[in-house]
Structure formats: structure tokens, C-alpha cells
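Worksheet for the structure shown next.
Number of protein chains: 4
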Amino acid sequence: MAKQLNVGIIGYGFMGRTHSNAYRNVHSFFSDVPYEPVLKTICGLEEKEAKAFAERWGFKSHTTDWHKVMDDKSIDIVDICVPNNYHAEIAIAAAKAGKMIICEKPLARTGKEAEPMVQAVEKAGVANLVSFNYRRVPAITLAKKLIDEGRLGRIFHYRANFLQDWTISTKVPQGGMATWRLDVKAAGSGVTGDLLAHCIDTAMWQNGPIASVCAMTETFVKERMNVDTGKVEPVGIDDACTFFCRFKNGSLGNFESTRYARGHKALFTFEINGEHASIGWDLHDLHRLSYFDHRDDSQVRGWRSIHVTDGDMPYMGHWWVPGLQIGYGETFVHQLADFLDGVAKDKPASPTFREALATQYVCDAVLVSAKNGKWENVKA
Amino acid sequence: MAKQLNVGIIGYGFMGRTHSNAYRNVHSFFSDVPYEPVLKTICGLEEKEAKAFAERWGFKSHTTDWHKVMDDKSIDIVDICVPNNYHAEIAIAAAKAGKMIICEKPLARTGKEAEPMVQAVEKAGVANLVSFNYRRVPAITLAKKLIDEGRLGRIFHYRANFLQDWTISTKVPQGGMATWRLDVKAAGSGVTGDLLAHCIDTAMWQNGPIASVCAMTETFVKERMNVDTGKVEPVGIDDACTFFCRFKNGSLGNFESTRYARGHKALFTFEINGEHASIGWDLHDLHRLSYFDHRDDSQVRGWRSIHVTDGDMPYMGHWWVPGLQIGYGETFVHQLADFLDGVAKDKPASPTFREALATQYVCDAVLVSAKNGKWENVKA
Amino acid sequence: MAKQLNVGIIGYGFMGRTHSNAYRNVHSFFSDVPYEPVLKTICGLEEKEAKAFAERWGFKSHTTDWHKVMDDKSIDIVDICVPNNYHAEIAIAAAKAGKMIICEKPLARTGKEAEPMVQAVEKAGVANLVSFNYRRVPAITLAKKLIDEGRLGRIFHYRANFLQDWTISTKVPQGGMATWRLDVKAAGSGVTGDLLAHCIDTAMWQNGPIASVCAMTETFVKERMNVDTGKVEPVGIDDACTFFCRFKNGSLGNFESTRYARGHKALFTFEINGEHASIGWDLHDLHRLSYFDHRDDSQVRGWRSIHVTDGDMPYMGHWWVPGLQIGYGETFVHQLADFLDGVAKDKPASPTFREALATQYVCDAVLVSAKNGKWENVKA
Amino acid sequence: MAKQLNVGIIGYGFMGRTHSNAYRNVHSFFSDVPYEPVLKTICGLEEKEAKAFAERWGFKSHTTDWHKVMDDKSIDIVDICVPNNYHAEIAIAAAKAGKMIICEKPLARTGKEAEPMVQAVEKAGVANLVSFNYRRVPAITLAKKLIDEGRLGRIFHYRANFLQDWTISTKVPQGGMATWRLDVKAAGSGVTGDLLAHCIDTAMWQNGPIASVCAMTETFVKERMNVDTGKVEPVGIDDACTFFCRFKNGSLGNFESTRYARGHKALFTFEINGEHASIGWDLHDLHRLSYFDHRDDSQVRGWRSIHVTDGDMPYMGHWWVPGLQIGYGETFVHQLADFLDGVAKDKPASPTFREALATQYVCDAVLVSAKNGKWENVKA
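Residue numbers (numbering that gives the first Met the number 0), protein chains in the order written: chain A, 0 to 379; chain B, 0 to 379; chain C, 0 to 379; chain D, 0 to 379.
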């Protein structure tokens, strides 16, 4: 029988939902993992909302004070799903309370803000993970495996985009529950921390550290109504960010993110070009991996569209049958299964707070470079 | 607060899993539906397996005798996920016991076997549904909506395929838990009842009744080991079936299914061509709908790839955010939400046993036509 | 130096243009072929049109009387690009005059009409070819090569469609220069002879003879204005035709053609499924071949999109550089190069009149089956 | 009747072939243009090769001395298809001789080298064109039209790539006829002048001037055998170049080119994102244009794949019938038709030498920026 672990989630927004779903279902699909999470407490700003969320998802209790979650000795895991500006304070408190911690990405608003978080979890010796969930899309996990097997040979290029179009209208506000990602105080940055952080985490996981970057940012809409203050205020975030970079392994990177690419909702794509083979992927069809191998017989050489659903594909043996897809929500189930498995085996799942700090440093360098208009080395 | 309904599931195979998952999660995502299912009992052949399944999915009890499920007065819904040859007996018993019934497709092995099932549920007055889950793929639901709005004009053609490749090896056996679909005694037919039934149900839902059919079937592998008997026995099912037909509305149909189409795992596709517009879909990328409208300005006229993930798309407002997909499993959640909503509003969700009987009649006509080599009218 | 061959083309319509273009350019791209065609005479119905066509394409002369082409002893090749009802008479006369003959497909309106054509060319001993140009799309030629190499193993299925949408409007007339394909007297049949003939020729080239067929046809628009008579007359052609069949090698075929598939202009597709591998193709992206090989390492197994432009691909070494496509017109250049090469080497290019007669017999059987509503054996 | 114009082509390499093909065929397809080119003289390095080329393409004469082409008073058009380092000298001589001039791109190795060329043609008052042939891909011409109609609204982003993989092997030499593009003396630069020049020309044609750039280049293979000298020599060109930029209209650009992107032969792609609509294109399927319009009814909103083959599409009325593609070679026919039409109407076709100089200035700025590691303004 799996051992039960009590979970307290801070934040009942979009991420609160994806994480709750993962805790509810991980045991049914990954029953070999020796822990079964129990949704103990949901914590959120509004009493009424928190109560409804608890009823909907099966939490045993709810609260509007996150300190109570820390004080609850029965709680084993604290899961942080609040805006970025609250990550550090809550995570450090949770570490001090000896809780295991899963924290939504990005780890914090800046590297400087994140460093004490890393120190806190390492000092406390608690299991910790930052929720870069895309690593657990089966196609991306497969890509990592193919790269690690050396199939690509020497790497020349890494290219990634994360394109959205939801803030084109000047009527979209900043601040508040739904649009805190547009408020620099809450988010720390715009597309850099929200979207490029995903691209960077995936890229460095697959292709190693980024040494230096050169970036350009733009804020197309200069002022927006702030929901929290009720006033039209300057927009402090980057609406769009493009950067190129050099990886430590000598390959070149090209990254772009924007929320002004009409027609794209969440077009996270990457492509990696090696001496022998290349790999491509696209979040809009997340179960497919593109693969080209130059060593194929030239008469039948071409980009392969791998429909990553067979039972021997990463994670897929836990779901349905070949040909049948899973969705976005399932990536959080995988992440949680890996986290719990890591706890069981005392082999921490990646990325830990420390590993995620590297992504934070790249984001920092990107924003500095964009400001200064020149190359910036990434803090090691 | 949602009222709780106790559920007994018969069968812990692939479909037992998809249905269990739906019951576990429907309330979290469709909390506006005024019922919350509770997994009361799982029933299956092997005690050990049933117990493990109960633990994994959170059933309160398990049994190996399906009659006990009927006798349990606390059970509100009986859900039938066993091989086709057991559908009729169990469904009729459940109807007599006054249970609501969800039955996996096809309703039975033949129309003749299905007819008393229809009579039983109608006599008992119990809510009933056949699990043609693909109707609840958001893209297919959207297609139905677009057709019903009259956007296509007069319909000329309907085309559907369901292609797989998992039985090409002669070493795949028949019978047993994993391969009962290859045993004609359990399944009734091969691809006709298993795969074409889905195509036919979707087609008639979208395009109205099929009047007459002309079919060809083939059994490529003539003998297979039977897991149940341990002997090599003749294969009684159709490995492949192709038919063309005439719909009552004057349009022509072309349907094909096989388990010998190398490279396709579950390639359920359909296309419908109307006077003004056409629609296409493909299960391997189930969240996309193809749409062509001849009335578009000719300079920008082309097939549109609709990424069916926005909040105003069928069912999608209940899941994540635009651009993020759901998977196969979620279609059963939608189906269950609709079923429960139908119960609440006393407007039965489709297809009921009676509606599904029409698909059974088409399958019957297809198999007769293939045998006789001539057109066959479909029983009305 | 290449030897010059004088060419007389009968017909200055769409096919007259594609053939003229081939003659003009074959030597520049296939200079290893030891013949260089010279455009000697264009023959067509209207003096003024013929003259303009001659000027435009560089013909030395023009005429409105095709017999003059036969009488011109300097002419080596007669090329027949007129409606189907004139093929037999002209081809037989050309054979008697000792000309080499290229005839547009289909060979004739019926097998009965085509038989004396075959006899005439064989008696005369003249080189002859029917213009099933799609065999010379590099991707299709490659497909044939892969099949002949045995890469697919035992064949289970062959599937082909040819979908158009240009006759949906009831205002499209029949008869005349532009729409003789809708007039049964000129065309012999509708989509069967015009479009399915291509599918059938390709299919039998790749997969061997078709033994028997079972078909359905429909004429959606029953009456159309006849340009030749000025009257509204019954439509005698098939607007749509679907058939399934059995190949001699035991595989199953499924073919469909229509001019009522909104959104498709010339969607000629085929797919062939073998034990080990499958191949697919689509005229709308004619330079790509899809290939799936089950023997690939399962971690990187998927449909390959082969961009057939490299120099080692069929015909492509004669054109540009890798990555750069050719179009539809170039297929006629290939066909002509093969024809001339066959003449030089005394190894006739395919399909000869005799080979094309087999396609005619399949078309005949399809139309008979559609009329009788039962299976029909194909004349051997 | 069309007036004949005599043509002298300098260079019988890849571009000599594409241009010869255009001159041979333009009148057959664009007979409304009042000029019919005559292939008078081909000029190239090797006597034997030049003679064979003349025979193959129908030139009346050949020479190995380009000055003779200038001296031939019968020649109306000089067409320059030699390596970049010869463009200036030949073009200036041709201008002085009063010839019309078509010059392959890039105009020269640098802006400084190109400036006197512009002055020469303007002083001489001769028609002049730089062969940025991709502008005449029908899908790209259509894109320009849609943008000019204002369909996209305010532009936010422009993104273009040109990816190849043909120089990954260290055994590929530099210099000589086949690989002069790798020799900095002949080419001036690597992918910047060869490939990005196309992207930049298209981008500025569609989206207006580029104001400033920031670039990174890399030479992955540092030494290659030089065919001309027989020695292993340092490689002076850029193997890869990435840059981002700001357009004068406030939109952001992101450009990348490389010859080390395994799996891509000539993957020229662009995407432009506007407030209301976006457009995308890809050379590997050059007859398709992607278009997304946010103003579409949300239920049927999606990326449209426009198959640019209908008769009302740019240039396509001159070719075949809807659904049937043209290839790469045809873009040079279009370019020539436009050039001749411009001569007839005294409205010069674009891009003239002066217009192409702007692209040269962007390339210059890109290379300077890459060297200096900071933003560079583009010469206006």
C-alpha cells in the first residue's frame, strides 16, 4: 500500500487547478510510486473562493492564511501556486517548517530573490522542485533521451520560440488575479520570466549551460489599467523578448517570445540541429516529435513525425493505448510522479531550486542585455 | 452541493480505466453538474486484480460477481465495460434492478441481441447511454454544431476511416482479456463492431440515417492461437471492412476500417463535403478541426486548421487555457458530464440504447452485404 | 548532337499546352537523350487560335485539318491532345501513317473503342505511349521503386482518391472546348475516365492487376446547358464514383473520385499499406512522399516526409538543387524524356497503348458494376 | 507580334540555367508581354562547357570573353550570373555599353562595391533589375498584396529563417565553380549575402526599411581545401548568422541563417504578425501561404493553408489549372515577365539596383554588428 502524504496548496488559480488535478490522479496512473497524496488544505485570498475550490477538488479544509499551512504539522508537502512575488517568502517559510516544496516557475522574480530560497531548502534538507512541467511532456522527455544517447552528434544550433497573442488589445488590464502576469511588481518581468523561462529550462536541460546572451525587448502597449489600483499605469514588463546566445558547448541559440504574435495561443517550439540529426517540437501538437536523421538511407530520408503514444514512450505506458493522446494537464501528473519517486529513492527529481536558479540567471542576463544593448555573461 | 451517486463498474480492463477516471474527475471540472459520482464497487473476473484496481482508483469495494452489483441497492449507476457478449445479460439485469446504465459500445454483437436491451431500459424507465465517446471530442462536437447551423449547405459526401496496425503479426492471439476483440464469440465481429461502429455513430449523428450499404470484408490471418482454449483456431472476425453507402439525405458515404494499415495506430478520420463548406478531422491530432469555406474571399481561401482549445469551444471552458490541449481520456469525462446533466434535466444524453441500435443495424447490414456481395438495406 | 524529331500536336487546349512545353524543354534538361524535338505543326479547330498558339509556342506551322499532319512525311511524332471521342480515329490514322504516337489519357471512351487502337499501333510497329503523366512525378516514381525493392512486404491495402470541386455549381455547362469533360459523348464517362483512370493506372503499376470491382456512381446535377447545342440536356456522365476491389495479389483496394468535394482542386492521393511499411502521397504537395517503416527503432519511428528534391531522386538530378521543387508541368517533360529514351534504346516507355488498355478495362468494369449493383470481374 | 530582344548571359552555372530557362519560356506563358527574348550568346570560363551549354539551351553563339558581349551591338540585355566578385565590373561595363541589365543577387559583396553600380545604371539610363526571384513566388507576391491591403493592421513582428545543411562535412571545399560561395574573396560573405539577403529583401519589401540591427555570426568549420589554390586555407565566410532588428515602422525582426541545420535543404521561411492577422510561408512548400485572421468567427477561426494555384492568384492564370503547382524555376519566368513588362511600360520592375542597395546596407550592418558585438544603424 502507498503511504499517504498530506498536501497544502497555496493558490487556487490556473496553476492551483493543474496541481490539484495531479495530486488527485497520480496514484491511479502511477501506482508503482509508493506515495499517495491527500489534498489536505487549499489556501487562497478569498474565503468563498477557497471554500468552493476545496469542495470541487476534494480538499479537506481551506484557509486564507498561508501561515496556517506552515503551522499544520500534518502537512508533508507545500505547493506554491501564487504570483512570483510571493514565492520567496512562502518557500523560505515552508523550508523552515520542514515541508517538502513544489514551487511554480519561475523560481522568483530575479536571481537575487531566488538565492535565499535555494539556501533555505538546502539548509533544511527538504525535497524541492520547481514546476517546469514541459520537461514531462512525453515528446520532450523523449527528445532529451535521444540527445543524451548522442544521436545528434555535435550540436550547432538551438532555436526556441514561445508565442502568444492574448495581450494585443489595449483593453487587457494589468494586476489582479487574472492578469498579474502583466504587472511587473507581481511578475518581475513579462514574457522573459513567464514564457522564455520555460524555453531556457528546456534548452539547458537538453543542451547544457548558456554562457552569454544578447537580447532585445519591447513593450508595445505602454499603459494599462491596473486592476489593483484602479488607475491607468505604465506597463513595466517586457511584451516581447528576443535573444541570441552562445551555449558552453559552442552551439548557437536563438530564442524569442512575445504575446503579440497573432494566431498563436501557446506556440512553444524548439529545434535542435546536430551534425547527424535534428529534433523539433511544438506545444500545439505536443504529442508529436519531429526527428530527422541524415544517416538514413537517402531514398527514404525525411523528417519523421513520431506520434509519441506507444507504451514504450516516456510515461505513456501509464495511460491509454497506442494512438491515443494525453493532454497538457497530464504533464503535471508526470512531474508529481517523478517528484514522489525521487523522494522515495532519495534521488531528487529535476529541476531542484538550485537547478532552476540557473534559468533565473539567464533571465537576469537577458533583461540586463536588453537594457544595455550589448552581450552579457550569464552568472555561473 | 452536488448530490452523490454511487457507481458500480463491471470490467476493469481498458474501458474500466477510462470510465473510472471519468467518475473520479467529472465533478472537479464540471462542478455545475448537480451530481458527484462516488466509486462504490468494481467488479471483475479475478479477485486479486479487482482488489488492486479498487485500491488504485479509490473504489470502496470490489467483487467478482456482477449480480452483487445489481443487488446492492445503494448503487445508482451500473457501468458496463466487459466484452460485447456480456452486454445484453448484464444490461437487462441492471434495467430490471432499476439502475441507470452506461454501456460500452457496441451495444451488442448484433441488432437482434441489442433489441431486448432497448426494450428493457425503456420498460424500466432508467437513464441509459452507449459510450460512443468520440462524439465528445471537442472538435467533433464543434463539427456537429457547424453542420447543424447549416454552414455546409447540401451534403454530397461523407468519408470515414478507422485504421490500425496491431494485428498484422500472426503471433497475436485471439480470446482472453487482452485480445477478446479478435474472438468472434466475444466480439461478434471484427473491425466492423469495434471500429466502424464509431465511424457510423459519428456519421449518422452528423449526417442522418444511412439507407443502404454495399460492403467487402477480409480476414487476412485465417488462424490464431486462442488464449482461452490454448488451441490454434479459425479466426471468425473481419480483419478489414470497406463499405460505401447512401445516406437518406442523398449524400454518398465511403467507410473503411482495418487493423492492417501499417503506420496507423488509431487513425479515425472523417471528412464531410457540402455545397459551401467541408469539414475534416483526425483522431491522431484530435484537438484540431479542418474547415474549408468556399464563401471566403478567394484571395485568402484555404483549409483552416482550427486548434479547438479556446474557452468558447465545446467543453473547453472547463479545462485549461487557450492553446493547451486535452487528451483521449477527457472525452469520457465530457460524456459523463452530459449524461449526468441529462439526468438532472430529464433530457437524456445521446446516444441512448435506442439511438445506438441504429448503428447496430448498419453494422448488421454491412456484414450481410459483405457476405452476399450485393447492396443491403439498413433496418429502419 | 541530338537528332531532331518533328512533332505534330493535335489539340491546343490544356493538354496541348502541357505537351508543347515538354517538347520545347526536354532537350535543355535531359540532354543525354539523343533526340531533340522540333515543334513542327499545331492542329486545332479554329484557324485564329491555332495560329496564335503556333506563334506563342514556336510551332513552324498550323492547320485546322488533322489529316494534313498525317500526310506530312516530315513529321515523326503525332501527339493527340483532343477530347476522348477523337482519340481512336486519329491514333489509328497516325499508326497507318507510321508515326510515333503519344496519346492523352484515357486511351479511349471504352475498352471496345481502344482495342483497335492497340492493334493498329502494334501492327504498324510504331512507338506509342499513353500520357499517364503522374507516373513521372518524382515522388510517385520513387514510390514505385520502393515497392519494387520489396520494402513493404506483403501488401494488404491500396487506397486512392481524386477529389475536385469545380462542377458543384449548376451553372457550369457541358460540351464545348472548356467543358467537354462533362459531355458523355465526348468524354465517354465522368470522373471514372478522367480522374479514376489516373488512380487506376498508378495503382496497377505499383500493385499489379485488379481482378474484380464493386462500384457506386452518382450524378448530382442531372441537367446542364450544352454549349454545343445551346440546350439544357441531361447529364450523362458520373459526377462521383466510388469503388472497392480485389487485386490479384490478394490486397484490397478502395478508390473514390468526385467533382463535388468542396475545398479540393486536384486532390489525387494514394496510400499503400504493407506488412512492413506504408507509403502515402498527395498531388497538392506533389514533391513529398510519406513513408513509414515499422522496422525502424521504435523510439524514432514515425511517418517520414520525404522532400523529393535531392539529386539522387528520380529525375531530380536534371533540375535545380536540393530543396527546390518542380511543378506539374515538369512531369510531362519526364514522360517525354522517357519516351524518347525508350525509342533510342528500343525499350518502350510505359504505359504503351496495350498497357493502358488494362486501365480501360477496369474503368469499364467499374461502370458496369455501378449500373448493376454487384461485383464485376475485370477483363484480362 | 512581340518584338525580339537579344540576350547575352554571363555565367553558365546554376543561375545561368535558371535564367536561360526563363528567357526560353517567358513568351509562351506570358505572351501579353510585348517582347520575346532570343538567346544570343552565352559567356563562360571554359570553351567546351560554354559550347555545350549553348547547344543545350539554344544560344546562337558562345564565348569565354565577357567583353565581347558588351561589344556586340545586337545584344539588348546582359544577364549577370557569375560569382559576386565579378558583378560590379561587368555591370558597370554593361551600363556603359547601354545594355539593359539583370544581375543575380546579391548586387555586390558590399554596399561600397555596389554604389558605383547603381550610379552607372542610373547615369546610363538603362533598365536594371537584381534577381531577388523569391518576390515572384506567387504565395509571396500574394502575401505582399495582403499586407498592402492593410489586412494585418499594425505590425508587431517579422521573423525569417533560411536554413540549409550542405556544408556540415569538413570535406566540402571552398572556391571553384561549385563552391565559390564558401570563398570569401568570391562571395564577400557567407550566409549573410547568399541567404539572408533574400530574407532581408523580402522583409523590407513587405514591411519597410530596417533601421538598426544586432547580429551574431559563427564559422563552425575554420579551414577548408581551396579548389582554386589546392591548399587548405582559413574559411573567411560566416557559416551562420543570426540577427534581430528594429524596423522603421516600430516592429521587431528576428532573422537567422545557417548551412548547419541538419534536415533542411532550403528552408526559407517567414512569418509576419499584425494586430489583426498573421501570414506565414515556407519555401519547402512554396505554393502554400498560411494566413490567420483574428476577425474570423471564433468558431471557425484557424490558420488557413492557402493553396496558391487558382487562376486569380498572382501569375497563376498563366500556368495550368487550379490545384496544380509550379516550381522554383518558374519564379524566374515571372521575374523576367515583370522586367520586360516594366520596360514596355517604362515602369521599372523591382528591385532595381538602387532598391537592392538597401539590402546590401543591411547586410553590411549585420556583419559589422557581429564583429563589434553591438547594435549598428543601417545606412539609409
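Think of the CB as a built atom: it goes at the ideal place given N, C-alpha and C, for glycine as much as any other residue.
| Asked | Found |
| --- | --- |
| Need the endpoints of the beta strand (DSSP E) that D/Q334 sits in, please. | Premise fails: D/Q334 lies in the alpha helix (DSSP H), E329 to K344, not in any beta strand (DSSP E). |
| Taking C-beta pairs closer than 8 Å, name the residues in chain B that A/T308 reaches, listed in chain order. | K264 |
| Indicate whether C/V226 and C/G262 have their beta-carbon atoms separated by less than 8 Å. | no |
| In three-state DSSP terms, what is C/W280? | strand |
| Determine, for A/H26, whether the minimum Cβ-Cβ distance to residues of chain B falls below 8 Å. | yes |
| Is the Cβ of D/E329 closer than 8 Å to any Cβ of chain C? | yes |
| Between A/R135, A/V25, A/K104 and A/K143, which has its C-alpha nearest A/S188's C-alpha? | A/K104 |
| So, helix, strand or coil for D/A379, using DSSP? | coil |
| In the structure shown, what three-state DSSP assignment does D/A87 receive? | helix |
| Checking 8 Å against the spacing of the C-beta atoms, do A/P82 and A/A185 come in under that value? | yes |
| Whose Cβ in chain D lies nearer than 7 Å to the Cβ of A/W374? | G372 |
| Look at the Cβ atom of D/F352, then the Cβ atom of D/M116, and state whether they are nearer than 8 Å. | yes |
| Could you tell me the alpha carbon to alpha carbon distance between D/G15 and D/V332, rounded to whole angstroms? | 13 Å |
| By Cβ distance, which residues of its chain are closer than 7 Å to B/D193, with the 5 residues on each side in sequence left out? | R180 and A186 |
| Which residue comes first and which comes last in the alpha helix (DSSP H) that contains A/E54? | E46 to W56 |
| From what residue to what residue does the beta strand (DSSP E) around C/I8 run? | K2 to I9 |
| At which residue ranges does the segment 117 to 177 of chain C contain complete beta strand (DSSP E) runs of 3 or more residues, listed in the order of the chain? | 127 to 130 and 154 to 162 |
| To which residues of the same chain is D/C213 closer than 8 Å at the C-beta, ignoring the five residues directly before and after it? | F242, F243, C244, S368, K373, W374 and E375 |
| Determine the chain A residues that contact B/V212 at a beta-carbon separation under 8 Å, and present them in chain order. | Those do not exist, as B/V212 stays about 26 Å from chain A at its closest Cβ, beyond 8 Å. |
| Roughly how far, in whole angstroms, is the beta-carbon of D/F269 from the beta-carbon of D/R158, given that I think they are within contact range, below 8 Å? | 7 Å |
| Please tell me whether, using a cut-off of 7 Å, the distance from the CB of A/A142 to the nearest non-hydrogen atom of the ligand COA is below it. | The ligand COA is absent from the structure shown, which contains no ligands of any kind. |
| For D/D237, which option in D/D64, D/F219 and D/I76 has the closest C-alpha, if you only look at C-alpha atoms? | D/F219 |
| For B/E46, does the count of other Cβ atoms within 10 angstroms reach 16, so buried, or fall short, so exposed? | exposed |
| Suppose contacts are defined by Cβ-Cβ distances below 8 Å. Is A/M99 in contact with A/A126 by that definition? | yes |
| Just the chain B side, please: which residues come within less than 8 Å of C/Y360 by C-beta, in chain order? | The contacting residues do not exist; C/Y360 stays about 20 Å from chain B at best. |
| Report the residue from D/E48, D/D296, D/A343 and D/I89 whose alpha carbon sits nearest the alpha carbon of D/A107. | D/I89 |
| By a C-beta neighbour count over all protein chains shown, 10 Å radius and 16 as the cutoff for buried, is A/H66 buried or exposed? | exposed |
| So for C/W179, helix, strand or coil by DSSP? | helix |
| So, is D/A355 buried or exposed, given that buried needs 16 or more other C-beta atoms within 10 angstroms? | buried |
| Please name the residue in D/N132, D/T166 and D/R23 whose C-alpha comes closest to that of D/R223. | D/T166 |
| Checking the sheet assignment: what are the DSSP bridge partners for D/A214? | D/F242 |
| Identify the residues that DSSP records as bridge partners of D/W302: which are they? | B/S304 |
| Based on the DSSP output, what are the partners of A/L38 in its beta bridges? | A/V6 |
| Applying the 10 Å Cβ sphere with the 16-neighbour rule, what's the burial state of C/E35? | buried |
| Of all the options C/K2, C/E329, C/T201 and C/F267, which has the alpha carbon lying nearest to the alpha carbon of C/K144? | C/T201 |
| How many angstroms separate the CA atom of D/E121 from the CA atom of D/V361? | 22 Å |
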